[in-house]
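Residue numbers (my numbering): 939 to 1222.
Cβ atoms here follow ideal geometry from the backbone N, Cα and C, with glycine treated the same way.
Every value quoted in this text rests on a predicted model; they were computed, and no experiment measured them.
The block underneath contains the structure these notes are about, expressed in structure tokens.
Okay, structure coming up:
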């Protein structure tokens, strides 16, 4: 796994030792860490109000964690080495949009340094398996007067969704089928299809990318650094005086870490939009 470090004073190395993933952190002097935590971490990118201005911030945190042991040693050159054995590395997920706002979740390490800057390592890895969607209920249905719209959905052979939307009656102008994503505090909607009359079929394909990156950082990051990271992961970024922004919405990849809702919405005119929805899970 390639390592991209934003910490000049820490040289990081990801290796496989005796069949297990290991992260080594080399520093000129001891880190003097208090503890090391491993688990699932979150990178939150958001704007906060400070006085009369808005400030972009990067906030790392652990969503699930446990304290793990770390072996300290000294190299022949006198550098301090902190060796940390990792557990299972789960697939990452991420949603980024607008002015570089969003969330990435990934397997993470947090090195707690009470008298210095903490060190964070995020292991951003793509899924290595085919996804399989399951649905909370097989049929969605909305009604207005004598008109009705219904949708059935099922899995495709490549882990996507195939849906069929049927309209009957003349009191409804149409219906739309939308897949809603939520990852922690980030969310985005994707329209699968819009039907105007009769029966129409639609297909949704999950976002799948191939990436493998160990990102090492302190508890701070600027927008330009994030732009470099996200561009390397496949995001299209518009340049700008204030750090640029994401073209549309960037989904790092789909997978089990994201919560999905399939929404059927009818259009009966004059703000009348009856809805029905169901939970969708993507697993392997």
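Local conformation of residue i per DSSP, three classes
i	result
residue 1051	coil
residue 1170	helix
residue 1078	strand
residue 1184	strand
residue 1096	coil
residue 1164	helix
residue 1109	coil
residue 1221	strand
residue 1066	coil
residue 1013	coil
residue 1001	strand
residue 1134	coil
residue 907	Within the shown structure, residues of the chain are numbered from 939 to 1222, placing residue 907 beyond reach of any answer.
residue 990	coil
residue 1223	This structure gives no information on residue 1223, because the portion of the chain shown stretches from 939 to 1222.
residue 1212	coil
residue 1084	coil
Cβ neighbour criterion (16 or more within 10 Å) applied to residue i
i	result
residue 961	buried
residue 1042	buried
residue 1119	buried
residue 1142	buried
residue 1015	exposed
residue 1040	buried
residue 1154	buried
residue 968	exposed
residue 1165	buried
residue 1203	buried
residue 1032	buried
residue 1113	buried
residue 1058	buried
residue 974	buried
Cutoff 7 Å; reference residue i; Cβ partners in own chain excluding five residues on either side
i	result
residue 995	984, 986
residue 976	1003, 1004, 1006, 1024, 1025, 1047
Cut-off 6 Å between Cβ atoms - residues of its own chain near residue i, not counting five sequence neighbours on either side
i	result
residue 1072	1219
residue 1055	1156
residue 1139	1102
residue 953	960
residue 1037	1183
residue 963	948, 950, 1020
residue 1104	1088, 1137
residue 1067	1222
residue 1074	1216, 1217
Cross-strand partners of residue i (DSSP beta bridge)
i	result
residue 1059	1047, 1154
residue 943	1154
residue 1119	1126, 1198
residue 984	995
residue 1141	1100
residue 1189	1033
Chain B contact for residue i (CB, 8 Å cutoff)
i	result
residue 939	Absence of chain B from the displayed structure is noted, only one protein chain being present.
Own chain partners of residue i with C-beta closer than 8 Å, once the 5 adjacent residues on each side are dropped
i	result
residue 1076	1090, 1091, 1092
residue 1122	980, 982, 1001, 1041, 1043
residue 1064	1029, 1030, 1146, 1147, 1148, 1149, 1150, 1191
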